[in-house]
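Chains A and B supply the protein sequences, listed in that same order.
Oh and the first sequence: position 72 is 72 in our numbering, straight run, nothing missing.
Oh and the second sequence: position 322 is 322 in our numbering, straight run, nothing missing.
Note that beta-carbon positions come from the ideal geometry of N, C-alpha and C, so glycine has one too.
Notes for the one structure printed next.
2 protein chains.
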Amino acid sequence: MQMNIKKIAEMAGVSVSTVSKIMNNYSDVSEKTKKRVMEIIEQTGYSPSNSAKTLATKKSSLIGVIFAGELNVEFTHPFFVEVLNSFKKQMGVLGYDLIFFSNEKFISSGDYYSRCLHFNVDGCVIISGQKMEPAIRDLDRSSIPCIGVDLELTGTKSGFVMSDNFQIASKVVEHFYLLGHRELGFIGSTADSEISNQREAGYVKAIESFGLTLNRKWFVHGDDFFESSGYAAMQQLLKTGSLPKAVFAASDLLALGAVRALKEQGLRIPEDVAIIGCDDIEACKYTSPTLTTIRQNKERLGVLAAHMLFDLINNQSDGGSFVVEPALIVRESCGSRLTG
Amino acid sequence: MQMNIKKIAEMAGVSVSTVSKIMNNYSDVSEKTKKRVMEIIEQTGYSPSNSAKTLATKKSSLIGVIFAGELNVEFTHPFFVEVLNSFKKQMGVLGYDLIFFSNEKFISSGDYYSRCLHFNVDGCVIISGQKMEPAIRDLDRSSIPCIGVDLELTGTKSGFVMSDNFQIASKVVEHFYLLGHRELGFIGSTADSEISNQREAGYVKAIESFGLTLNRKWFVHGDDFFESSGYAAMQQLLKTGSLPKAVFAASDLLALGAVRALKEQGLRIPEDVAIIGCDDIEACKYTSPTLTTIRQNKERLGVLAAHMLFDLINNQSDGGSFVVEPALIVRESCGSRLTG
DNA sequence: GATATTTTCGAAACCGATTTCGATTTTACG
DNA sequence: CGTAAAATCGAAATCGGTTTCGAAAATATC
């Protein structure tokens, strides 16, 4: 039978308020009655209604998850999904559950802020590699705690986590350099992807600081971070007739697409062109050649996001950001000449 | 400013009940006042509190998502995640949002049923390839509408969707047969995986109906559906010294693990051993060799699950099940001799 | 044992919606 | 124009909790 607080109170012969106090461990209830009530609660498996609780307290123990920008990707994005997994786990131990907003219902308005109010979420995490959209901007500026993953939120109750994209690019260039490559290309996403832009900027800077010559004709861009964009980008490069010796792709899937295009032309990797991807998604280990890449510490990103959000919710933080260290993972797509 | 129904009523000079009626399009309110109130609602961006609404109506417009069994996998399971993506999208157009229960908070009890009551979910989807756990059984038997994905739920308010595992196995054997393979092996998951068992049973049956001889020594099992299990399973097979000519793995990741083990021994695929996986996850396209597999129609599984759940919620169905057709996807891991 | 203090408990208002049912207003009709 | 019927609206109870504040009971103090 469906229980509620009143029934519990009656069964235990106490008032509703007493039961409530026990559930929220107030100090003004004796051990004796607490024990008696708890027994009944356990017997009946009573669990207080979240709606009623939320209505009364304005706290829902719910965290909203928003996939901004790249629609229709959501759960199948190999990088974000790993961050999300770690985030969810951590948020779970902190006592929160996750709610995923459907974009479809309010697809025209995309009004994330009012959806947050609608559900009374305690906070939310916004996942995106694209530039800030207006709907996100509103949420960022609101008083609802927000954490961006790969998205720079700057509101007073906001924060973000991301990998150090400059360092990522720098590690790539260093690796290429030590392998003797001097002609470096780049495959990025669209111009409105902040992440792609940062990686590109870092790449350019690193190329210059290593004293290499920058050749813009080897810089191409796809429409997103997916495999087919990498394929198209590499085809574009192939058409020019001039190929760099090494290419850094802003995501592993872009890299994989580039590999496919090269293979189709009978080119060998890494002998003809060396490739480095970015993210270290699962698939890197299964491809041929296996993909040398820069690993983003997805678990740490998720855990950090969770803790930052928790602190924001509990007013123990004013936001800010965490940048986590990337790591070079050497596999086959660059060769592996010993590097001094 | 945070709105509520009372403020809207005051601003419009009507009663709270009138506003509520407008939001729920009752017929007993005139066009004139409806228009006036709607203007204010739009100006203020008012969105009624879901908690209050749920409390009053017992309907939350929320669907609970449960990953049963394989803990810690959740969002990174390449097959389920694609089903989930399609499910979420479809559920969104039907007006529902998704809520993911954290296993951590109640890890000991794992009491999914009370969590559903706690959140007043209108229904839930249970995702799992493992055998039924008791906590799931309780939920299945309850009056809460449930749909299992790859999980046979039989409660009166339950249903399930899955691929036709016998047909999957049958297509595999047929393909092997036409390629001339007579010595067939199998790599499955643990014995308590219903899905793996069905595929194995179907495989055995197909082998017999093709008049081939069944050799149990080539049947091995891993601890789950993941790559490392496939690797371990194939190593086990290698140790026996006798190898089948063709192996069907109950998941693509198992297949990929097997491929890795074979490659390590210098064996060629498909020349020495042909491999067929199952699911057709993204990675199949990027591996070397690319993986011949049986495609599960993940999008259709998700859409069907959504519609079945919707009908269950709205009492337009008594449950039941949908089995979707699999399709053989020929890539490189079996060779591709023309199969007249 | 009387009084002061501390513990323990419960009544009632409140959160923001829905929904019933009766009252009032408007329209229809003779 | 008067009355019956239909359309329109609002008061109030309700959903299941939380929280304040005052009362009652238990304990401490002298």
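Taking a Cβ-Cβ cut-off of 8 Å, the neighbours of M91 of chain B in chain A comprise S102, given in sequence order. For the segment 148-173 of chain B, there are no residues whose beta carbon sits under 8 Å from a beta carbon of chain A. The criterion of a C-beta distance shorter than 7 Å is satisfied by V161 of chain B and L304 of chain B.
When rounded, the separation of the alpha-carbon atoms in L98 of chain A and N215 of chain B is 48 Å.
A straight-line Cα-Cα distance of about 15 Å links A9 of chain B and S49 of chain B.
Contacts with chain B at 7 Å (Cβ-Cβ) do not include L328 of chain A. F226 of chain B: not part of any beta strand (DSSP E); DSSP gives it neither H nor E. At a Cβ-Cβ threshold of 7 Å, P244 of chain A and G185 of chain A count as neighbours.
The alpha carbon of K217 of chain B has as its nearest neighbour, out of B:E183, B:S189, B:T190 and B:E194, the alpha carbon of B:E183.
Here H181 of chain B carries a coil assignment [DSSP, helix/strand/coil]. CA-CA distance, V204 of chain B to V173 of chain B, rounds to 9 Å. Contact between V65 of chain A and V125 of chain A holds: CB atoms are separated by about 6 Å, below the 8 Å threshold. Between G277 of chain B and A255 of chain B, the CB-CB gap stays under 7 Å. Between H77 of chain A and chain B, the shortest Cβ-Cβ separation is not below 7 Å. For K88 of chain B, the C-beta contacts it makes with chain A under 8 Å involve E74, F75, F100 and S102, in order along the chain.
Taking C-beta separations shorter than 7 Å and ignoring five residues to either side along the sequence, the partners of P326 of chain B in its chain run S163, D164, Q167, I168, K171, I294, R295 and Q296, following chain order. An exposed status is given to S15 of chain B, since fewer than 16 other beta-carbon atoms sit within 10 Å of its beta-carbon. Chain A has no Cβ within less than 7 Å of the Cβ of G302 of chain B. Counting along the chain, I127 of chain B sits inside the beta strand (DSSP E) bounded by residues G123 to I127. Only those residues of the segment 114-129 of chain A whose C-beta falls short of 9 Å from the nearest C-beta of chain B are listed: S114, R115, L117, H118, F119 and N120. The C-alpha of E299 of chain B is placed about 31 Å away from the C-alpha of L117 of chain A. For a Cβ distance threshold of 9 Å, residue set K285 and Y286 of chain B lies close to L256 of chain A, ordered along the chain. According to the DSSP assignment, G202 of chain A belongs to the alpha helix (DSSP H) that extends over E194 to S209. Our two residues, R331 of chain A and S189 of chain B, have alpha carbons roughly 29 Å apart in a direct line. For D97 of chain B, the chain A residues whose Cβ falls inside 7 Å of its Cβ are I99, F100, F101 and S102, in order along the chain. Of all residues in the segment 37-54 of chain A, only G45, Y46, S47, P48, S49, N50, S51, A52, K53 and T54 come within less than 9 Å of chain B when Cβ atoms are compared, listed by chain position.
Between the segment 134-144 of chain A and the segment 27-37 of chain B, the count of C-beta pairs closer than 8 Å stays below three; the two stretches do not touch. I275 of chain A is a Cβ neighbour of V247 of chain A, given a cutoff of 7 Å. When A:M3, A:Q2, A:R36 and A:L178 are compared, the shortest CA-CA separation from T18 of chain A is found for A:R36. Among the CB atoms of chain B, one or more fall inside 7 Å of the CB of N85 of chain A. Interface with chain B (7 Å Cβ-Cβ cutoff): V81 of chain A is included. Measuring C-alpha to C-alpha distances from G302 of chain B to each of B:S20, B:V323, B:N4 and B:E282 identifies B:V323 as the nearest. Taken through DSSP and simplified to helix, strand or coil, L151 of chain B comes out as coil. Annotation: Cβ neighbours of D111 of chain B in chain A (cutoff 9 Å, chain order): G45 and S47.
Excluding sequence positions up to five before and after R115 of chain A, its CB lies within less than 6 Å of the CB of F101, all in the same chain and listed in chain order.
Distances from the alpha-carbon of G222 of chain A to those of A:G241, A:C334, A:A258 and A:T54 put A:A258 closest.
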